[in-house]
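Visitor: In our numbering, the protein residues as written are 502 to 646.
Here a beta-carbon is modelled for each residue, glycine too, at the ideal position from N, C-alpha and C.
Because the structure is a prediction, the values reported are computed rather than measured.
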């Protein structure tokens, strides 16, 4: 049994907290899709690459700790199996590079790799065969001088 994934890369949502946008005290919360290419068999893990873009137009930004978002199942042979298959996928940031980048003004398309970020549980059965899905991750961007 193999499970396929497809990739997308774009910032989906921004929320600004604590301060004016682009000021040193501002933090922008973004939902970023993960890029994972390949097929997972039960028990296997895969890395995920996030493509990061500085949302602060006039300042550098520090990437703050990243957290797992959601798993979105795109295709599945039997739609009734979506809840089961959704629960068979685990997300983790344990393998993320501990050195979070600082993005320059206007920097775009900065790849950030997380090792073993997606896992298909070892006991996954044939109901999930051929499933495609994508993942989202929460990234916090803090403006810095």
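Please give me, in chain order, every unbroken run of the beta strand (DSSP E) with length at least 3 that falls completely inside the region 518-577.
Guide: 528-536, 539-541, 546-553, 561-564 and 568-576
Visitor: To the nearest angstrom, report how far apart residue 548 and residue 569 are at their CA atoms.
Guide: For the purposes of this step, residue 548 is taken as the residue at position 47 of the chain shown. For the purposes of this step, residue 569 is taken as the residue at position 68 of the chain shown. So the two alpha carbons sit approximately 13 Å from each other.
Visitor: Under 7 Å Cβ to Cβ from residue 612, same chain only, skipping five residues before and after it: list those, please.
Guide: Here the question's residue 612 lines up with position 111 in the chain shown. These residues qualify, in order along the chain: 550 and 552.
Visitor: DSSP three-state call for residue 612: helix, strand or coil?
Guide: Within the chain shown, residue 612 is the residue found at index 111, counting from 1. Residue 612 falls in the strand class under three-state DSSP.
Visitor: Name the residue from 575, 532, 531 and 545 whose alpha carbon lies nearest to the alpha carbon of residue 616.
Guide: Taking the chain shown and counting its residues from 1, one reaches residue 616 at position 115. Of 575, 532, 531 and 545, the residue nearest in Cα terms is 545.
Visitor: Are residue 636 and residue 574 close, meaning C-beta to C-beta below 8 Å?
Guide: The residue you call residue 636 lines up with position 135 of the chain shown. The residue you call residue 574 lines up with position 73 of the chain shown. Residue 636 places its beta carbon 8 Å or farther from that of residue 574.
Visitor: Would you list the one or two residues that DSSP bridges to residue 641?
Guide: In the chain shown, residue 641 corresponds to position 140, counting from 1. Residue 641 pairs with 530.
Visitor: Buried or exposed, going by whether 16 or more other CB atoms sit within 10 Å of the CB of residue 556?
Guide: The residue labelled residue 556 in the question sits at position 55 within the chain shown. With 16 or more other Cβ atoms within 10 Å, it is buried.
Visitor: Quick one, are the C-beta atoms of residue 621 and residue 563 less than 8 Å apart?
Guide: Here residue 621 corresponds to residue number 120 of the chain shown, with the count starting at 1. Here residue 563 corresponds to residue number 62 of the chain shown, with the count starting at 1. No. Outside cutoff.
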